[in-house]
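Residue numbers (my numbering): 1239 to 1432.
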């Protein structure tokens, strides 16, 4: 699981960046509005990432903060919303505005994103309103926070955001100090349940 990338920005596109990490250059899809905030080519960047498989190819999605990654994971849990559509939503609305649009039922704002129609916007509101109301996506979460890394890893493995948050908060998981150990314990708890 790749939950974060830290390296040198090599090239940029409209909605992607190439980041050199050691001797490997990774192409990472990012929200269009995040490209300019990463700085000039040659600068050091740190991205929170989510790995998805599309057409049998691994695709890495990157975000400048954990809040955007959390919203990306929530959006992709909605029926009919894939990674590209979630990225389009995060390109047109910052995490706080996206959260507000979902909480207030603002179909127009959501539908303004490329590829998002009124029906899909309504479905996003219906499926995520109660979840988003209990979260804070203003960016106050610490980058690299162990809980957010565990949640990101579990949602990337297919668990719902609610299941991932509950697992990260479980006493046995929270007792571990290493993120990898926390993920391992959470997966063991899921296996024991079912």
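All residues carry an ideal CB built from backbone N, CA and C; glycine is no exception. The structure presented is a predicted model; accordingly, all values stated were derived computationally and were not measured.
*asked:* With H, G and I counted as helix, E and B as strand and the rest as coil, what does DSSP make of residue 1245?
replied: strand
*Cβ of residue 1424 within 7 angstroms of any heavy atom in the ligand FAD?*
Looking at this structure, you won't find the ligand FAD or any other ligand, since it has none at all.
*Taking residue 1239 as the reference, give the member of 1317, 1338 and 1291 with the closest Cα.*
1291
*Exposed or buried, which one is residue 1244 when buried takes at least 16 other CB atoms within 10 Å?*
Burial call: exposed.
*asked:* Suppose you measure from the CA of residue 1323 to the CA of residue 1351; what does that come to, to the nearest Å?
replied: 8 angstroms
_Spatial neighbours of residue 1278 within its chain, please: C-beta separation below 8 angstroms, excluding the five flanking residues on both sides._
1247
*Straight-line Cα distance separating residue 1339 from residue 1413*: One C-alpha to the other measures close to 36 angstroms.
*Anticipated Cβ contact below 8 angstroms, residue 1390 with residue 1311, distance rounded*: 6 angstroms
*Whose CA, out of 1333, 1282 and 1257, lies closest to the CA of residue 1298?*
1257
*Please say whether residue 1325 and residue 1269 have beta carbons closer to each other than 8 angstroms?*
yes
*Which one or two residues does DSSP pair with residue 1256 in a beta bridge?*
1249 and 1265
*Is DSSP giving residue 1415 helix, strand or coil here?*
coil
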